[in-house]
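Here is the structure we will look at.
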Amino acid sequence: MQETLTKKIFNVDELRKDFPILSREVEGKPLVYLDNAATSQKPQSVINAISDYYSNYNANIHRGVYSISIKASEAYENAKIKVRDFINAASEREIVFTRGATEAINLIAYSYGFEKVNSGDEIIISEMEHHANIVPWQVLCEKKKAVLKVIPVNDNGELLLDEYKKLLSDKTKIVAVCQISNSLGTINPVKEIVRIAKEKNKSIAVVIDGAQAIHHMDVDVRDLGADFYVFSSHKMYGPMGIGVLYGRAELLEAMPPYQTGGDMISSVSFKGTTYNDIPMKFEAGTPNVEGAVGLAAAIDYIKAIGFDDIHKQETKLLEYAAGLLEEIKGLKIIGTAKDKTGVISFVVEGFNALDIGIMLDTSGVAVRTGQHCTEPLMEKFGIPGTVRVSFAFYNTKAEVDIFVNALKKAIEILK
Ligand SMILES: Cc1ncc(COP(=O)(O)O)c(C=O)c1O
Numbered sequence: 004m005q006e007t008l009t010k011k012i013f014n015v016d017e018l019r020k021d022f023p024i025l026s027r028e029v030e031g032k033p034l035v036y037l038d039n040a041a042t043s044q045k046p047q048s049v050i051n052a053i054s055d056y057y058s059n060y061n062a063n064i065h066r067g068v069y070s071i072s073i074k075a076s077e078a079y080e081n082a083k084i085k086v087r088d089f090i091n092a093a094s095e096r097e098i099v100f101t102r103g104a105t106e107a108i109n110l111i112a113y114s115y116g117f118e119k120v121n122s123g124d125e126i127i128i129s130e131m132e133h134h135a136n137i138v139p140w141q142v143l144c145e146k147k148k149a150v151l152k153v154i155p156v157n158d159n160g161e162l163l164l165d166e167y168k169k170l171l172s173d174k175t176k177i178v179a180v181c182q183i184s185n186s187l188g189t190i191n192p193v194k195e196i197v198r199i200a201k202e203k204n205k206s207i208a209v210v211i212d213g214a215q216a217i218h219h220m221d222v223d224v225r226d227l228g229a230d231f232y233v234f235s236s237h238k239m240y241g242p243m244g245i246g247v248l249y250g251r252a253e254l255l256e257a258m259p260p261y262q263t264g265g266d267m268i269s270s271v272s273f274k275g276t277t278y279n280d281i282p283m284k285f286e287a288g289t290p291n292v293e294g295a296v297g298l299a300a301a302i303d304y305i306k307a308i309g310f311d312d313i314h315k316q317e318t319k320l321l322e323y324a325a326g327l328l329e330e331i332k333g334l335k336i337i338g339t340a341k342d343k344t345g346v347i348s349f350v351v352e353g354f355n356a357l358d359i360g361i362m363l364d365t366s367g368v369a370v371r372t373g374q375h376c377t378e379p380l381m382e383k384f385g386i387p388g389t390v391r392v393s394f395a396f397y398n399t400k401a402e403v404d405i406f407v408n409a410l411k412k413a414i415e416i417l418k
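Residue 4 is where the sequence shown starts when you use my numbering, and the numbers rise one by one after that.
Shown next as structure tokens:
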């Protein structure tokens with residue numbers, strides 16, 4: 004049975020005990036995990052929910068008439084309801100489970116995009132997008148002879164909304180932007196971005212990549228006015244291999260299937276095939292039931308803490324770490340937007356980011372180095388890559404101290 008979680012008092016030392024991996028050591032030193040933008044760690048309740056599924060009711064879903072299949076089907080469908088409520092979608096019919104944010108964006112590009120975008124049409128993305136929100140649109144534009152336009156960012160890593168307004172035209176069919184940048188931590192004014200697009204033309208579809216936002220802030224897709232919103236479970240304390248495509252029902256209903264076979268089918272004959280209703284129309288093959296169960300448990304976990312406390316802790320860590328890093332000679336923070344989440348990307352003059360990352364690991368500190376799947380953004384800043392630390396609510400000031408001291412040591416050794 005899935006555990007019922009009641010509201011947790013925010014005590015970081017207590018909450019850390021929910022995450023078994025946080026008490027492990029690396030090379031004899033406590034693990035300091037600061038790569039949460041790549042993937043988050045998982046609480047015991049999520050691990051238990053998945054283990055319980057496999058121990059007690061693992062079965063293929065929807066077509067079984069026996070009790071464990073019925074229970075597994077219910078768990079899968081309940082997970083959709085939980086996601087619906089979590090993002091305030093109008094109906095669970097608007098929730099499609101995918102492998103993750105990447106697959107969700109590809110689904111939109113291949114299904115909605117291939118139907119709606121024609122030669123000479125335009126798609127707008129931004130300079131700070133993750134490759135997952137660049138390449139599917141690039142491929143679509145190549146295939147359809149459409150034009151990809153890019154909203155530039157300023158030197159602080161903020162989107163230039165005036166430039167965005169200038170890019171919108173009568174040919175714009177899709178606007179696709181991230182809510183939070185994975186490399187810079189910039190929080191984009193996506194509600195405003197949607198409003199501006201819709202003011203230009205109601206039929207422009209706006210896609211919000213929420214991969215870096217869904218675990219940091221309350222997301223209300225109806226309030227945002229987004230047509231599509233995508234995210235991955237693994238960045239929000241849930242399992243890998245499952246993610247969500249939210250799409251307005253009216254749009255999903257009109258879209259052709261993305262993949263075919265299995266659950267997306269209503270009936271098949273050699274004369275032709277009819278498709279299932281949404282959202283199953285977009286879920287070909289055996290779905291990821293384990294993932295759905297784990298994602299539902301992750302949502303329960305986030306709700307038990309609450310975004311107010313999550314935000315407070317992550318902001319505290321961001322400000323504390325930025326203050327300490329700014330004192331290091333030759334260190335430059337890339338991405339200093341006014342509205343920012345717990346991500347710090349930086350370069351240290353004369354040092355290679357990769358070397359710094361490897362040295363930090365010897366102190367048990369896990370950070371990410373390189374381009375962070377945002378090569379065009381790195382090009383804009385004229386750098387090959389950065390060291391990136393990204394916080395979750397379970398990180399502590401003491402961990403920031405360990406990281407900063409390890410960084411200073413690494414710089415000394417690498418000199
Ligand atoms: C902003 C953003 N979009 C999309 C993705 C792709 O997510 P996934 O690899 O889980 O599909 C990521 C992953 O880092 C991301 O940070």
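Cβ atoms here follow ideal geometry from the backbone N, Cα and C, with glycine treated the same way.
Since the model is a prediction, treat every value here as computed from it, not as a measurement.
Boundaries cannot be given for Y56, as no alpha helix (DSSP H) includes it and DSSP labels it neither H nor E.
Around the beta carbon of K341, fewer than 16 other beta carbons sit within 10 angstroms, so the residue counts as exposed. Cα atoms of V142 and T377: separation of roughly 17 Å, rounded to the nearest angstrom. Under a 10 Å Cβ-count criterion, Y115 is classified as buried, with 16 or more other Cβ atoms of the shown protein chains found around its own Cβ. In the structure shown, the three-state DSSP call for L248 is strand. Counting C-beta pairs with one atom in each stretch, the region 346-360 and the region 387-407 have three or more that are closer than 8 Å, which means they touch. Relative to ligand 1, T105 has its C-beta within less than 7 Å of a heavy atom. For K174, no alpha helix (DSSP H) encloses it, and the DSSP letter there is neither H nor E. Below 8 Å, too few C-beta pairs join the region 28-42 and the region 55-62 to call them touching: fewer than three.
DSSP links K152 through a beta bridge to I127. Counting along the chain, G360 sits inside the alpha helix (DSSP H) bounded by residues A356 to D364.
Taking the C-beta atoms as reference points, I90 is found nearer than 8 Å to Y232.
I405 is a Cβ neighbour of V35, given a cutoff of 8 Å. For D212, there is no enclosing alpha helix (DSSP H); the enclosing beta strand (DSSP E) covers residues A208 to D212. Distances from the CB of H237 to the heavy atoms of ligand 1 include at least one below 7 Å.
Around the beta carbon of T277, fewer than 16 other beta carbons sit within 10 angstroms, so the residue counts as exposed. Distances between the C-beta of D88 and the heavy atoms of ligand 1 are all 7 Å or more. Comparing alpha-carbon positions, the option among N279, E130 and I64 lying closest to T263 turns out to be N279. Judged by DSSP secondary structure, K335 falls outside any alpha helix (DSSP H) and instead within the beta strand (DSSP E) spanning L334 to I337.
One alpha carbon belongs to G265, the other to A287, and they sit about 5 Å apart. As computed with DSSP, K32 is found in a beta bridge with V29.
Here E195 is not near L380, since their CB atoms are 8 Å or more apart. Under a 10 Å Cβ-count criterion, D303 is classified as buried, with 16 or more other Cβ atoms of the shown protein chains found around its own Cβ. The three-state reading of DSSP puts G116 in helix, counting H, G and I together. In the three-state scheme derived from DSSP, where H, G and I count as helix and E and B as strand, C144 is classed as helix. The three-state reading of DSSP puts D38 in strand, counting E and B together. For the pair I177 and V193, the CB atoms are not nearer than the 8 Å cut-off. The straight-line gap separating the alpha-carbon atoms of E30 and D358 is approximately 18 Å. A check of alpha carbon separations from I53 across K400, Q215 and A82 identifies A82 as the nearest. Comparing C-alpha distances from D173 to each of N204, V407 and C144 shows the shortest one belongs to N204. Y240 sits away from K20, with the two beta carbons spaced by 8 Å or more.
In the three-state reduction of the DSSP assignment, K343 falls in the strand class. Between G297 and T339, the alpha-carbon positions lie close to 35 Å from each other. Taking a 10 Å sphere around the C-beta of S393, we find 16 or more other C-beta atoms and assign the residue as buried. Counted as a single uninterrupted DSSP element, the beta strand (DSSP E) harbouring S393 occupies residues T389 to S393. Judged by DSSP in its simplified three-state form, G297 adopts helix.
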